[in-house]
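Peer 1: Can you keep this structure in mind? I'll have questions shortly.
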Amino acid sequence: MTASCPRRWAPLCRPESHFSSWCSFRILLGALVLLLPMSSDACGDPPRYQSMKLKGVAQPRYRPGAIIEYECRLGYRLKRPPLPTSARCQADNTWTPLQEACRNACGDPPRYQSMKLKGVAQPPYSPGATIEYECRLGYKLKRPPLPTSAICQANNTWTPLQEACTRKLCPHPVEPVNGAVQHVNETLEFGSQVHYVCNEGYNLIGTKILYCELDGENVNWSDNPPLCEVMRCRPPPKIQNGKYSITDQEDFRYGEVVTYSCDPANGPDEYSLVGESKLVCSGNDVWSSKPPECKVVKCKYPVLENGRIVSGFGSKFYYKAMVVFECVPGFYLSGNNTIVCGANSTWEPAIPKCIKESPPPSTTPPVSSTSGSKPAITTKPPRVSSSPGHPGTTDESQPPEDVAPLGGGIIAVIVIVTLVGAGIVAAGLFKFLHTRKKRKRLKKETAEAAHYTQVK
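What the sequence shown shows, in UniProt numbering, is residues 1 to 456, in sequence order.
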């Protein structure tokens, strides 16, 4: 019979190995695993919020599905409409996110146009808290002064305030010489603007628009006031055969006038000044018109056939000479009766014409043509006989319709012949009566002479 002894296990680590062996590392790793919390099945600490705090006591460990509740911190109250205040530990070991569900009891301090909060905002503001306002830059306290502090009331609202500050004023703008200031806003308060303008004939040198703006703790205009400087022109151009007055000036002021004139002629014909004789400085080297010309302008003698000159007689016709025409009797004028000698030595407008007048239209019917063509015959309606025995017949006293009427010339000849014949007859009758009367007187005288002889 044999006896067996149980097998003995060697210790994990030998005393002489200390911590340098693999066995020592395994012991340390196991201890760390036992000491560290299990993160695979729990959420971390609840999130922290500015306006909310955890309701109740925090737990050391939150497993998935655990729910926590928040409440408003001191000086805060729930927003309206309300937002969620509970969070859940999710399966992925994270908390459901939340928004800030609370706000200051009185909310943020009100904002004003002329005032700002004095110092730094220190929320939350619980009922009874007081805040102070001061004027913004560019503003000053009104007179009499108004309240500048507000209190958080029990109903979670701030005591209302009025604007206790007003805009500061810029100094009165300097009005330029030969110019003016236009107040666009009709005030000199901070933020306003003024426009500068110059009188006619002056240029504005500087900034046209100035703004009332901050200058440190005060207000002032954004730039210096501009100046108004008179406009000027360089001397006008010189011209041939002429000159202008005031030739010794280097420049001319706005509105100054120079007058051009022509030199005396060197030949038989004088120079004419064509254009404007006076030029005015319009400013900035601009003259009112182009300089004139001095040249010989001479138009030919105007001849009008069947016409004559009424006015403007002369032997020579220079620039702007004017002539008026008329036609002789029996002619009429076609064109303008007045012409002027133009700058190009031509008459403007052109010389008219005299056209023979047409004879007045004849009122007598035209003479029949001998070429065989018949003149137009006006058809007249037939006269109906008033005889009861012949209704509808034409009046035989009227000429037939196919007979052409006598021409005006034939009628005139007939009239003349008739008058001549009547004259001849009258002359013959007069001669006959005169001869007869003479014979009777001679016969009477003969009888008286014979009677006288017998008596004697």
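Idealized CB from N, CA, C, for every residue including glycine.
As the structure is a prediction and not an experimental result, all values here were calculated from the model.
Measuring only the C-alpha atoms, how far is residue 181 from residue 221?
Peer 2: The straight-line gap from Cα to Cα measures roughly 13 Å.
Peer 1: Classify residue 87 as helix, strand or coil using the three-state DSSP reduction.
Peer 2: Strand at residue 87.
Peer 1: Could you pull out every residue in the same chain whose Cβ sits closer than 8 Å to the Cβ of residue 283, ignoring the five residues on either side in sequence?
Peer 2: Here the set comprises 201, 203, 231, 232, 233 and 254.
Peer 1: For residue 343 and residue 337, what's the separation of their Cα atoms in angstroms?
Peer 2: Rounded to whole angstroms, residue 343 to residue 337 spans 20 Å at the Cα level.
Peer 1: Please classify residue 267: is it buried, with 16 or more other beta-carbons within 10 angstroms of its beta-carbon, or exposed?
Peer 2: The residue in question, residue 267, is exposed, as its Cβ has fewer than 16 Cβ neighbours within 10 Å.
Peer 1: Quick one: is residue 332 buried, meaning 16 or more other Cβ sit within 10 Å of its Cβ, or exposed?
Peer 2: Exposed is the call here.
Peer 1: How big is the Cα-Cα spacing for residue 174 and residue 225?
Peer 2: Their Cα atoms are separated by approximately 7 Å.
Peer 1: Use the C-beta contact count for residue 436: other C-beta atoms within 10 angstroms, 16 or more gives buried, fewer gives exposed.
Peer 2: Looking at its Cβ environment, which holds fewer than 16 other Cβ atoms inside 10 Å, residue 436 is exposed.
Peer 1: Beta-carbon separation of residue 243 and residue 261 under 9 Å?
Peer 2: Yes, the Cβ-Cβ distance between residue 243 and residue 261 is below 9 Å.
Peer 1: Are there 16 or more other CB atoms within 10 angstroms of the CB of residue 428, so buried, or fewer, so exposed?
Peer 2: Residue 428 should be labelled exposed.
Peer 1: For a cutoff of 9 Å on Cβ pairs, would you count residue 128 as touching chain C?
Peer 2: Here there is only one protein chain, and chain C is not present.
Peer 1: Can you tell which of 96, 68 and 102 has its C-alpha closest to the C-alpha of residue 81?
Peer 2: The shortest C-alpha separation from residue 81 is found at 102.
Peer 1: Using 8 Å as the cut-off, can you tell me whether the segment 158-165 makes contact with the segment 184-194, which would need three or more C-beta pairs spanning the two stretches below that distance?
Peer 2: No: fewer than three Cβ pairs fall under 8 Å.
Peer 1: Mind checking residue 424: buried by the 16 CB within 10 Å criterion, or exposed?
Peer 2: That one is exposed.
Peer 1: Work out the CA separation of residue 118 and residue 152 for me, nearest whole Å.
Peer 2: Using only the alpha carbons, I get a separation of about 16 Å.
Peer 1: Using CA atoms only, rank isn't needed, just tell me which of 144, 179, 72 and 142 is closest to residue 470.
Peer 2: In this structure the chain extends from 1 to 456, so residue 470 is not present and cannot be described.
Peer 1: If we call anything under 9 Å between Cβ atoms a contact, is residue 121 one with residue 109?
Peer 2: Yes, the pair counts as a contact, with Cβ atoms nearer than the cut-off.
Peer 1: In the structure shown, what three-state DSSP assignment does residue 530 receive?
Peer 2: Since the first residue of the chain shown is 1 and the last is 456, residue 530 is not available in this structure.
Peer 1: Please tell me whether residue 298 and residue 317 are closer than 9 Å, where the distance is taken between their beta carbons.
Peer 2: Result yes, Cβ atoms of residue 298 and residue 317 sit closer than 9 Å.
Peer 1: State the DSSP-derived secondary structure class of residue 172, mapped to helix, strand or coil.
Peer 2: It is coil, neither helix nor strand.
Peer 1: Leaving out five residues on either side along the sequence, give the residues of the same chain with a beta carbon under 7 Å from the beta carbon of residue 276.
Peer 2: These residues qualify, in order along the chain: 289 and 292.
Peer 1: Check whether the Cβ atoms of residue 56 and residue 105 sit closer than 9 Å, and answer yes or no.
Peer 2: Contact flag unset, no.
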